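Only one structure is covered here, and it is reproduced in the block below.
Number of protein chains: 2
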Amino acid sequence: MPKATNIKPYAGLVSIEDRCKLLNQKGATIWFTGISGSGKSTIATTLEKALLEQEIFSYLLDSDNVRTGINQDLGFSEKDRKENIRRIGEIAKLFVEVGFIVLSSFISPYKVDRDNLRRLHEDANLRFFEVFVDCSLVEAERRDPKGLYRKARKGEIKGFTGIDHPYEAPVSADLILRTDQLTLEEEIAMVLSYLKSKEVIGSQYLNPSNSLNTQADKVRS
Amino acid sequence: MPKATNIKPYAGLVSIEDRCKLLNQKGATIWFTGISGSGKSTIATTLEKALLEQEIFSYLLDSDNVRTGINQDLGFSEKDRKENIRRIGEIAKLFVEVGFIVLSSFISPYKVDRDNLRRLHEDANLRFFEVFVDCSLVEAERRDPKGLYRKARKGEIKGFTGIDHPYEAPVSADLILRTDQLTLEEEIAMVLSYLKSKEVIGSQYLNPSNSLNTQADKVRS
C-alpha cells in the first residue's frame, strides 16, 4: 500500500500523446526475461543499436546500469529481487510515457512480478511485451560468460538463478527466442519482425491533421 | 554502500553521444527546489509546455507522478525523503543520458541531498542546474494551494516542511526565482533566458560532419 498521502495523480500541461507526437513514435516496453547466460543482454544491446540506426528511439535498462545506480541499495534476496523488478517497471513506464521503446534485460525470475509489470503498463494503456529468452541451463552454464555459474556451483555465490534459486519460465510470453538453437542474427530478425507485426516499429505516430506543430502553426497564423 | 555484487558498469553498443545526436539535443537536469506552495510545479509544468512548443524534449518529474509510482513505498520521514530524492536523481540521470531536459519539482529540503544530485550528474559529465524557487513562508502559507499548511498548523499533517520540518535553502543555486515578487511570465522568461545562456536550449547538438545520419549515409552509399 502506498505510504505517501496528500498526493494527487499527475496532471501536467503536456499529455502522453503530445510527447509521443513530438518524438513521432509510440512507446512500448519489451521485457526480455531468461536465466543468466541465456543471451538477454546480447540481444537487447544489439537490438538497441539496430533501432538507433533506424532512427527509432529506444533505451536499454539492464542489470548493469540499473543495479549500479537507482537499485544499488538492493541485493539478491527474494524481497530485493522483487523490489528491483518493481522499480524497473516504473522507470520503464516513465520512458514509455515519453514515447521510447524500452528494452529491459533482467532475469526477472518470478512470474507474478512479470505479470504485475504487464498490468502496470496495460492499466495505463501502455504497451508491454514479454520476450522469453529461452536457453537450456546446460547451454547457459556451458557459455557462462561472466563465470558466475562456476562460482555458484562452488558455493561462492548464493541464491543464483537456476542453481539454488528458482526461475519461473513464462507460460504466455509474447515471443519466445530459443537462443540455444538460433543465431543472434536470427533472434534480432525475429524480434524486429515481431515488433513490426505489432506496429511498435515501422508505423509513424504522427497524424499531420492533428499534430502539435499544426496547432502551433494555427496559433501563429 | 552498494549491496549488489557481480555487476559491471553499463557498456552497451550505443553511447550517450549517439543518443543525444539522434534526439538532436543534449540533456540536463533542472532541479527546482523550494517549500510547498512556492510555485515549483506551476513553473515546471508551464516550462515543460513552453519547451514542447519549441520542439525541445523535456520531461517533468514531480511529486505527484513519482510518489504514486516508483516511490509509492516511501513516506515523509527523513530517511524516506532522502531515499525519495536519491531515486529521483538516478531517474533524472537516465533521462539526461538519452538527451532529455529533465524538470524536477520537489521540495528536496536537505542541502546534502541536492549536493549529491549535482555530484551524481557531474561525475558522469552530465549537466545539473539548481533553481531555488524562493518564496517566503508567509506568502506560501497564504496561497496554500492544496490546503496543506492549514492541515499542518492543525497538526493533521506531521513533519511538514516549513512548519515542523526544516527547509535548508540553497546557498549557491544556479538561479533564484523570487516567486513572491515575480509573475509566472517573468519567472518562465528568466528560466528560458538562463537555459539559453547556458546553451541548454537554443543550440542544436547536431554536428553534421560527424552525425549518425551522415555515417549511415556513408554506409549506404
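Which chain is which? The protein sequence lines are A and B, in order.
The working numbering puts the first residue of the first sequence at 6, with every later residue one more than the last.
The working numbering puts the first residue of the second sequence at 6, with every later residue one more than the last.
Just so you know, even glycine gets a beta-carbon here, dropped at the ideal spot from N, CA and C.
As the structure is a prediction and not an experimental result, all values here were calculated from the model.
- Of all residues in the region 19-30 of chain A, only VAL19, ASP23, ARG24, LEU27 and LEU28 come within less than 8 Å of chain B when Cβ atoms are compared, listed by chain position.
- Measuring C-alpha to C-alpha distances from B:LYS116 to each of B:ARG91, B:VAL103 and B:ALA145 identifies B:ARG91 as the nearest.
- Sixteen is the threshold: when 16 or more other Cβ atoms of the shown chains lie within 10 Å of the Cβ of A:ASN70, as they do, the residue is buried.
- Within the model, the alpha-carbon separation for A:ILE206 versus B:VAL101 is close to 24 Å.
- Residue B:ILE106 holds the alpha-carbon nearest to the alpha-carbon of B:GLY32 among B:GLN77, B:ILE106 and B:GLU88.
- With a threshold of 16 other beta carbon atoms within 10 Å, B:ASP128 falls short and is exposed.
- Its Cα nearest to that of A:GLN186, the residue A:VAL138 stands out among A:GLY94, A:LYS87 and A:VAL138.
- For B:ALA33, the enclosing beta strand (DSSP E) has its first and last residue at 33-38.
- Between A:ALA145 and A:SER68, the gap from beta carbon to beta carbon reaches 9 Å or more.
- When the five nearest sequence neighbours on each side are left out, the beta carbons in the same chain lying within less than 8 Å of the beta carbon of B:ARG119 are those of TRP36, THR38, ILE90, SER113, GLU135 and PRO175, in order along the chain.
- Below 8 Å, enough C-beta pairs join the region 17-31 of chain B and the region 43-62 of chain A to call them touching: three or more.
- Measuring C-alpha to C-alpha distances from B:ILE93 to each of B:LEU66, B:LYS201 and B:LYS45 identifies B:LEU66 as the nearest.
- Of the candidates B:GLU83, B:ASP85, B:GLN77 and B:LYS156, the residue whose Cα lies closest to the Cα of A:ILE96 is B:GLN77.
- At a cut-off of 9 Å, the C-beta of B:GLY42 has no neighbouring C-beta in chain A.
- Interface criterion met: the Cβ of A:LYS98 is under 9 Å from a Cβ in chain B.
- The alpha-carbon separation between A:GLY164 and A:ASP149 amounts to approximately 16 Å.
- Considering only beta carbons, the part of the region 64-75 of chain A lying closer than 7 Å to chain B consists of TYR64, LEU65, ASP67, SER68, ASP69, ASN70, ARG72, THR73, GLY74 and ILE75, in chain order.
- In the DSSP assignment, B:GLU102 falls outside any beta strand (DSSP E) and within the unbroken alpha helix (DSSP H) covering 83-102.
- Rounded to whole angstroms, the gap between the alpha carbons of B:GLU88 and A:ARG123 is 26 Å.
- Contacts with chain A at 9 Å (Cβ-Cβ) include B:GLY17.
- Annotation for A:LYS45: PHE37, GLY39, SER110 and VAL138 place their beta carbon closer than 7 Å to its own, counting only its chain and skipping 5 residues before and after.
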